[in-house]
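See below for the structure under consideration.
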């Protein structure tokens, strides 16, 4: 067994890896949304290219978690910190994948003239999603269970907005065949944002579990 100081250093390295990856994911969320709203295909391409670094950080940090569990057999809260760290990494990696999906949808949507209606919903959803990603990471850094718990309300807002968008855009597609492809891609983006919000909420749940040892469903 290693000394406590060495063990604490290993935990800190894992946490730093999570935070570095989280920062890149937060940037990817913001950049993918801005690329979409500005029809900026070059920016969308950068989001796609940047996913490789996120995947690399995921693998490196996950490996550190697995190695620490296998070699040191941590107990109680130490084990909880490591195992929830792995779950947070998985959620961040899935969020990054959805930013790539948004970037790819941007490529498809760039050939169409800007249509205000779907973008209104996307902007509103993105406001909550970007805040949720930030709050989830902040809650992890500070062990803030109140901030983590509050994320469920924002997740409800995102779900509500997507439901409204789905109903309205489907109705418009029924009467105007010319907007079908554009609105369909816009709904894909809405679904991707909704899933990012779900994964951010999952991070909030893990923050609460680290602090309390109790599982609390937030979505």
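Residue numbers (our numbering): 99 to 317.
Yeah, the Cβ is synthetic: ideal placement off N, Cα and C, and Gly gets one too.
For residue i and residue j, I'd like the C-alpha separation in whole angstroms.
i           : j           : result
residue 276 : residue 282 : 11 Å
residue 128 : residue 228 : 7 Å
residue 147 : residue 173 : 39 Å
residue 109 : residue 274 : 56 Å
residue 117 : residue 241 : 13 Å
residue 249 : residue 230 : 6 Å
residue 251 : residue 243 : 14 Å
residue 179 : residue 280 : 44 Å
residue 160 : residue 270 : 45 Å
residue 295 : residue 171 : 33 Å
residue 290 : residue 195 : 9 Å
residue 51  : residue 105 : The structure shown does not extend to residue 51, since the chain is modelled only from 99 through 317, so no value can be given for it.
residue 142 : residue 130 : 6 Å
residue 313 : residue 247 : 12 Å
residue 257 : residue 237 : 22 Å
residue 264 : residue 122 : 30 Å
residue 287 : residue 239 : 29 Å
residue 307 : residue 315 : 10 Å
residue 221 : residue 115 : 30 Å
residue 212 : residue 272 : 20 Å
residue 209 : residue 182 : 42 Å
Tell me, to the nearest whole angstrom, how far the beta carbon of residue i is from that of residue j; I am working on the premise that it is less than 8 Å.
i           : j           : result
residue 253 : residue 198 : No, residue 253 and residue 198 are not in contact; Cβ-Cβ is about 22 Å, not under 8 Å.
residue 216 : residue 267 : 6 Å
residue 145 : residue 126 : 6 Å
residue 134 : residue 204 : 5 Å
residue 262 : residue 219 : 7 Å
For residue i versus residue j, is the C-beta distance shorter than 9 Å?
i           : j           : result
residue 124 : residue 235 : yes
residue 293 : residue 202 : no
residue 245 : residue 302 : yes
residue 189 : residue 309 : no
residue 200 : residue 163 : no
residue 207 : residue 137 : yes
residue 120 : residue 186 : yes
residue 311 : residue 107 : no
residue 177 : residue 226 : no
Checking contacts by CB at 9 Å: is residue i closer than that to chain C?
i           : result
residue 300 : Absent from the structure: chain C. Only one protein chain is present.
Run through DSSP, which three-state label would residue i get?
i           : result
residue 313 : coil
residue 232 : helix
residue 210 : coil
residue 137 : coil
residue 241 : coil
residue 149 : helix
residue 106 : helix
residue 274 : coil
Which runs of the alpha helix (DSSP H) fall wholly inside the segment 172-207 and span at least 4 residues, in chain order? Taken in chain order, the unbroken stretches of alpha helix (DSSP H) that lie wholly in the segment 172-207 and span 4 residues or more are 174-207.
Considering only residues of the segment 256-300, which uninterrupted beta strand (DSSP E) runs meet the minimum length of 3 residues and lie entirely inside it, listed in chain order? none
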